[in-house]
Amino acid sequence: METTEYTMIVHGQQKHTVPDAVQAAPGLVVFRMPNNQSLNNPARWRIGHHEGLAIAEAMSRENAFKGAAILAESGIDWTQDSDTVKDAVSDERARDLFAKLSYAWCDEPGSNYMPGDVTRNGTYTDADVEEAAREAKADGFNALDVLTAMSHTVPWMGLDTNDFNEAHDRIVTAAGLA
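Quick look at the structure:
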């Protein structure tokens with residue numbers, strides 16, 4: 009998939025450039041929120057309209073792409089300007105779209121919140137693996153306990169499936185649980 013520069017609109021007027029957005033469907037892009045934006049939002053992946061407005065958010069990249077596919081199949085022409093799209097989407101249709109998006113674990117923008125800076129959600133370092141392994145060992149966790157703890161903890165919960173599984177395996181091995 010080819011990346012493109014994308015200008016997102018925040019709070020109605022502020023514009024921020026995202027250098028590596030991906031055209032997910034005609035008129036729709038998927039991008040990772042810049043680390044200086046929405047510091048309390050663990051859902052770091054956004055589905056945006058080509059003119060800059062946020063449509064939905066997801067914890068992981070793969071879910072954002074699943075959400076973009078649902079939107080692309082909705083019968084809405086996302087290539088139109090944002091005012092035309094807004095006029096075409098009634099409140100009832102928006103509720104229906106968000107119900108469908110929930111099956112891909114996508115939510116309305118700004119609907120997720122965690123205290124503190126959670127911008128690292130979905131990214132991890134070797135030091136994160138070592139710390140998680142140390143904690144798992146100290147708490148007497150088994151591999152299933154590690155899996156459960158990871159699914160609700162920054163930075164692990166925002167990983168795509170393969171990356172999550174790889175991180176889990178690394179933590180379990182480092183903790184001596186394998």
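The sequence shown lines up with residues 9 to 186 when you count with our numbering.
All C-beta atoms, glycine included, are put in the ideal place defined by N, C-alpha and C.
Everything numeric in this text was worked out from a predicted model, so none of it was measured.
Bridge-paired residues (DSSP) for residue i
i: Trp-53; result: Arg-40 and Ala-66
i: Ala-29; result: Thr-12
i: Val-18; result: Gln-22
Residue i in three-state terms, based on DSSP
i: Asp-147; result: coil
i: Glu-10; result: coil
i: Thr-87; result: coil
i: Val-162; result: coil
i: Glu-81; result: coil
Reference residue i, options the options, closest by Cα
i: Gly-56; options: Pro-50, Asn-44 and Ala-77; result: Ala-77
i: His-24; options: Val-30, Tyr-14 and Ala-32; result: Tyr-14
i: Gly-148; options: Tyr-111, Gly-184 and Thr-92; result: Gly-184
i: Val-126; options: Glu-174, Met-41 and Ala-112; result: Met-41
Inter-residue CB distance, residue i and residue j (contact presumed, cutoff 8 Å)
i: Glu-65; j: Asp-115; result: 6 Å
i: Leu-79; j: Leu-36; result: 6 Å
i: Val-137; j: Ala-182; result: 6 Å
i: Arg-54; j: Phe-39; result: 6 Å
Minimum length 4: unbroken alpha helix (DSSP H) runs contained in the segment 89 to 127: 90 to 96 and 99 to 110
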